[in-house]
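Below: one structure, written as structure tokens.
Number of protein chains: 2
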Amino acid sequence: MSVVEDVPTPQVVIDQDVLDRNITRMAANVREKGLRLRPHAKTHKVLQIADRQLAAGAVGLTVATIGEAEVFADHGVDDLFIAYPLWLTEAQAERLRRLSTKARISIGVDSVEGARTVGAALNGAAGKIAVLVEIDSGHHRSGAHPGSVVEVAQAAHEAGLRVEGVFTFPGHSYAPGMPQQVVEQEQAALAEATELLTAAGFDVTRRSGGSTPTATLTGSSVVTEVRPGVYVFGDAQQLELERCAWDDIALTVAATVVSRTDVSFNDIGRGSPRRLILDSGSKVLGTDRPAWATGHGRLIDHPEARITALSEHHATVVWPEESPLPALGERLRVVPNHVCITMNLVDDVAVVSAGQLVDRWAVAARGRNS
Amino acid sequence: MSVVEDVPTPQVVIDQDVLDRNITRMAANVREKGLRLRPHAKTHKVLQIADRQLAAGAVGLTVATIGEAEVFADHGVDDLFIAYPLWLTEAQAERLRRLSTKARISIGVDSVEGARTVGAALNGAAGKIAVLVEIDSGHHRSGAHPGSVVEVAQAAHEAGLRVEGVFTFPGHSYAPGMPQQVVEQEQAALAEATELLTAAGFDVTRRSGGSTPTATLTGSSVVTEVRPGVYVFGDAQQLELERCAWDDIALTVAATVVSRTDVSFNDIGRGSPRRLILDSGSKVLGTDRPAWATGHGRLIDHPEARITALSEHHATVVWPEESPLPALGERLRVVPNHVCITMNLVDDVAVVSAGQLVDRWAVAARGRNS
Numbered sequence: 044m045s046v047v048e049d050v051p052t053p054q055v056v057i058d059q060d061v062l063d064r065n066i067t068r069m070a071a072n073v074r075e076k077g078l079r080l081r082p083h084a085k086t087h088k089v090l091q092i093a094d095r096q097l098a099a100g101a102v103g104l105t106v107a108t109i110g111e112a113e114v115f116a117d118h119g120v121d122d123l124f125i126a127y128p129l130w131l132t133e134a135q136a137e138r139l140r141r142l143s144t145k146a147r148i149s150i151g152v153d154s155v156e157g158a159r160t161v162g163a164a165l166n167g168a169a170g171k172i173a174v175l176v177e178i179d180s181g182h183h184r185s186g187a188h189p190g191s192v193v194e195v196a197q198a199a200h201e202a203g204l205r206v207e208g209v210f211t212f213p214g215h216s217y218a219p220g221m222p223q224q225v226v227e228q229e230q231a232a233l234a235e236a237t238e239l240l241t242a243a244g245f246d247v248t249r250r251s252g253g254s255t256p257t258a259t260l261t262g263s264s265v266v267t268e269v270r271p272g273v274y275v276f277g278d279a280q281q282l283e284l285e286r287c288a289w290d291d292i293a294l295t296v297a298a299t300v301v302s303r304t305d306v307s308f309n310d311i312g313r314g315s316p317r318r319l320i321l322d323s324g325s326k327v328l329g330t331d332r333p334a335w336a337t338g339h340g341r342l343i344d345h346p347e348a349r350i351t352a353l354s355e356h357h358a359t360v361v362w363p364e365e366s367p368l369p370a371l372g373e374r375l376r377v378v379p380n381h382v383c384i385t386m387n388l389v390d391d392v393a394v395v396s397a398g399q400l401v402d403r404w405a406v407a408a409r410g411r412n413s
Numbered sequence: 044m045s046v047v048e049d050v051p052t053p054q055v056v057i058d059q060d061v062l063d064r065n066i067t068r069m070a071a072n073v074r075e076k077g078l079r080l081r082p083h084a085k086t087h088k089v090l091q092i093a094d095r096q097l098a099a100g101a102v103g104l105t106v107a108t109i110g111e112a113e114v115f116a117d118h119g120v121d122d123l124f125i126a127y128p129l130w131l132t133e134a135q136a137e138r139l140r141r142l143s144t145k146a147r148i149s150i151g152v153d154s155v156e157g158a159r160t161v162g163a164a165l166n167g168a169a170g171k172i173a174v175l176v177e178i179d180s181g182h183h184r185s186g187a188h189p190g191s192v193v194e195v196a197q198a199a200h201e202a203g204l205r206v207e208g209v210f211t212f213p214g215h216s217y218a219p220g221m222p223q224q225v226v227e228q229e230q231a232a233l234a235e236a237t238e239l240l241t242a243a244g245f246d247v248t249r250r251s252g253g254s255t256p257t258a259t260l261t262g263s264s265v266v267t268e269v270r271p272g273v274y275v276f277g278d279a280q281q282l283e284l285e286r287c288a289w290d291d292i293a294l295t296v297a298a299t300v301v302s303r304t305d306v307s308f309n310d311i312g313r314g315s316p317r318r319l320i321l322d323s324g325s326k327v328l329g330t331d332r333p334a335w336a337t338g339h340g341r342l343i344d345h346p347e348a349r350i351t352a353l354s355e356h357h358a359t360v361v362w363p364e365e366s367p368l369p370a371l372g373e374r375l376r377v378v379p380n381h382v383c384i385t386m387n388l389v390d391d392v393a394v395v396s397a398g399q400l401v402d403r404w405a406v407a408a409r410g411r412n413s
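Order-wise, the sequence lines are chains V and F. So the numbering used here is basically just the index in the first sequence, starting at one, shifted up by 43. So the numbering used here is basically just the index in the second sequence, starting at one, shifted up by 43.
If you want it as structure tokens, here you go:
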């Protein structure tokens with residue numbers, strides 16, 4: 044990708060051809076199974092990518108915050124799911140009421156108190172907002188126990204909200220060997236919650252699950268929609284989980300070799316023989332690193348190299364013994380561990396197609412944490 | 044801090060009274076020892092904080108990138124040290140030339156090739172840029188071996204750059220029990236480099252070291268200036284290194300309890316008895332977590348609680364058995380592990396004094412990675 048030679052580094056570069064392929068493939072996979080696709084836009088936060096997802100058949104978008112919903116609603120996206128157990132202040136309720144005049148809005152709740160508070164804060168507008176009860180399917184983050192789903196749904200209903208269904212985030216699928224097992228837990232939890240809700244008289248039309256590691260493994264026996272995010276770009280976590288291939292990587296960070304050490308001077312046992320320093324530090328790659336990851340990201344074209352440490356503007360790369368150490372000034376392309384973090388660190392990205400710079404896209408919803 | 048009840052969360056809040064005390068104390072400490080203070084502005088990236096540091100006697104600022112230098116130079120800061128081994132493209136050289144017309148600029152180099160490239164790229168303007176050779180004092184990131192300093196300085200001199208001295212970043216001080224030992228390594232490395240340079244005929248007027256863990260331990264026998272950054276705010280890393288006290292914490296993230304679990308339903312061994320979820324996830328706290336840290340940040344007013352996991356919009360907090368679990372909707376204040384990362388995630392911050400909201404400051408140099 045010759046354009047990488049010309050940009051100031053570190054620079055996030057999106058390969059539009061690979062991006063489009065990823066978007067098309069996931070849409071086809073989900074459609075073939077009779078599921079609906081509601082991609083999580085927190086991954087990219089980019090209007091142009093949302094447009095591509097919707098054009099490929101997504102029924103709407105998932106977002107994490109009211110702020111993200113506002114950005115996409117203002118762009119004209121008319122169906123947005125804030126997949127989060129919102130706790131509304133008066134000011135936030137007002138924003139949600141305004142949102143509900145622009146788009147079909149659904150939100151999460153995971154507690155009786157949460158449902159009551161949301162309903163009360165929304166006041167007369169509660170009936171315009173659909174609610175999905177969040178279920179914990181084993182990740183143990185937010186989400187009600189499936190056995191508590193009826194009381195939460197009942198509270199939401201009594202607070203004037205429209206209960207549409209249930210959702211879960213099977214985040215414990217982010218570990219080697221876990222995705223298949225976690226898909227089963229996800230389906231079991233959603234099935235249990237659905238059965239209880241149906242018995243209590245609720246019409247459970249949405250059963251929402253899935254994330255990038257599990258979305259393509261999910262069947263349609265229980266789940267009705269999936270919410271993968273990372274699949275648009277791929278990243279080093281998905282590579283090492285074997286949930287994407289090197290050819291699926293659409294986002295890299297162009298970086299420059301600014302320092303290198305070809306011999307060790309190991310005075311306190313922490314030196315490493317052949318290392319180099321890239322200018323892509325944690326302020327562009329992020330420091331997300333699960334225990335099973337082999338490093339802080341991977342290098343395209345150098346799969347044996349490992350990023351052993353990150354500081355804000357330095358990535359320390361240990362180089363395999365058998366390969367020549369890149370020269371100072373050489374440009375390398377880093378695959379971040381977690382693309383959602385990287386996109387949230389930059390204001391815009393370079394877009395390439397067939398190796399040429401074709402566009403720059405703003406990260407329109409960057410930093411919209413509330 | 045009653046203002047924390049009113050802001051949308053997550054929200055970075057700076058206590059101006061504590062900030063001013065931290066700035067004054069470090070300035071006095073450094074001055075008493077006859078050292079010069081050149082605070083690292085990558086920590087805060089805020090013009091109003093830079094003004095306070097300079098008013099308290101800082102001789103200039105340290106920054107990490109040309110982009111950060113541009114923001115502060117445009118604000119009128121007239122002495123800026125880019126403490127980084129820059130590798131210049133033609134476009135970056137042009138920016139550095141422009142910078143040198145607005146402020147006294149010094150930069151780092153750590154290799155013969157780097158020095159030659161920088162000198163050649165700067166062309167006629169090389170003489171306006173001062174150079175400090177970066178030395179590795181044991182952190183093993185960037186920096187030349189002290190024994191190689193003369194050849195790097197010679198290359199810089201021959202390339203037309205003005206060699207002013209040496210600098211080091213003793214980053215391995217960020218570990219319990221390390222700061223005192225690392226101060227000694229820092230001084231030994233700078234002393235060795237200075238001796239060699241002096242013998243080779245260089246006039247070494249700047250010997251720059253120090254960071255928040257070591258700055259107050261550094262004496263003036265070798266070092267002439269220190270570059271602490273984090274001291275303005277303090278953070279959970281400094282707390283746990285015992286390099287600041289709870290009363291020194293000037294930056295917290297106001298967060299809302301959005302989910303809670305008072306009993307366990309431990310089906311796969313990962314559940315925890317009493318946990319709550321805050322809306323301050325990794326997109327505001329960052330995921331920097333050294334192996335010795337007790338969690339992903341600390342809670343003011345609840346020192347026994349631990350943040351055991353972070354995802355983008357969720358902080359999982361395990362609550363001590365003996366304390367009542369906060370209610371849903373309650374506001375808590377989180378001390379991030381690493382404030383430099385937190386500041387780079389937000390566009391502006393709320394400023395309080397005596398518990399009242401008094402200002403909002405823009406994070407003017409946020410995202411200036413190149």
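Cβ coordinates follow ideal geometry from the N, Cα and C atoms, glycine included. Note that this is a predicted model, so its numbers are computed, not measured.
Hey, does residue i have any beta-carbon neighbour from chain V nearer than 8 Å?
i	result
F/GLU87	Correcting the residue identity first, residue 87 of chain F is His in this sequence and not Glu. No, F/HIS87 lies away from the interface with chain V (no Cβ there is under 8 Å from its Cβ).
F/TRP130	yes
F/GLY329	yes
F/VAL114	no
F/VAL106	no
F/GLY338	no
F/LEU239	no
Tell me the DSSP bridge mates of residue i?
i	result
V/ASP58	V/VAL395
F/GLU285	DSSP lists no partner for F/GLU285.
V/ILE10	Shown here, chain V extends from 44 to 413; a query on residue 10 of chain V therefore has no answer.
F/SER354	F/HIS357
F/TRP362	Looking at the DSSP assignment, F/TRP362 forms no beta bridge with any residue, so it has no partner.
V/TRP130	BP columns for V/TRP130 are empty, so no partner.
F/ARG318	F/THR304, F/VAL361
F/ILE343	F/ARG376
F/VAL269	F/LEU80, F/GLY252
Looking at the C-beta of residue i, does it have a partner C-beta in chain F at a distance below 8 Å?
i	result
V/HIS356	yes
V/PRO51	yes
V/ILE320	yes
V/GLY220	no
V/LEU371	yes
V/GLY214	yes
Who are the neighbours of residue i on chain F, taking C-beta pairs under 9 Å?
i	result
V/ILE172	Within 9 Å Cβ-Cβ: nothing; V/ILE172 doesn't reach chain F, min ~17 Å.
Name, please, each residue of chain V whose Cβ falls closer than 7 Å to the Cβ of residue i.
i	result
F/THR359	ARG184
F/VAL299	The identity of residue 299 of chain F in the sequence shown is Thr, whereas the question assumes Val. Those within 7 Å of F/THR299 in chain V are TRP130.
What does residue i touch in chain V if you count any residue whose Cβ is under 8 Å from its own?
i	result
F/ALA134	PRO51
F/THR295	What F/THR295 touches in chain V: nothing, since even the nearest Cβ is about 15 Å away.
Taking DSSP as the reference, what is the three-state secondary structure of residue i?
i	result
V/LEU175	strand
F/ARG313	Caution is warranted here: a pLDDT of 46 is assigned to F/ARG313, below 50, making its placement in the model unreliable, and the coordinate value is therefore given only provisionally. F/ARG313: coil per DSSP, three-state reduction.
V/PHE18	Residue 18 of chain V falls outside the range modelled here, since chain V spans only 44 to 413, and no answer is possible.
V/VAL377	strand
F/HIS200	helix
F/ALA70	helix
V/MET44	Reliability fails at V/MET44, whose pLDDT of 47 lies under 50, so the model's placement of it is uncertain and the value that follows must be treated cautiously. The answer is coil: DSSP assigns V/MET44 none of H, G, I, E or B.
F/ASP94	helix
F/ALA35	In the structure as shown, chain F starts at 44 and stops at 413, and residue 35 of chain F therefore has no counterpart that could be examined.
Residues of chain F with a CB under 7 Å from the CB of residue i: which are they?
i	result
V/SER302	PRO128, ASP153, SER154, SER185
V/LYS326	ASN387, ASN412
Cβ of residue i versus every heavy atom of the ligand COA: is any distance shorter than 7 Å?
i	result
F/THR144	By its list of ligands, the structure shown contains no ligand whatsoever, and the ligand COA lies outside what it can speak to.
Near-chain V residues of the region 378-396 of chain F - C-beta to any C-beta below 8 Å: CYS383, ILE384, ASN387, LEU388, VAL389, ASP390
Residues within the region 274-286 of chain F neighbouring chain V, beta-carbon criterion of under 8 Å: none
Residues of the region 143-173 of chain F whose Cβ lies closer than 8 Å to any Cβ of chain V, in chain order: ASP153, SER154, GLU156, GLY157, THR160
Where the region 245-274 of chain V meets chain F: residues whose CB sits under 9 Å from a CB there: none
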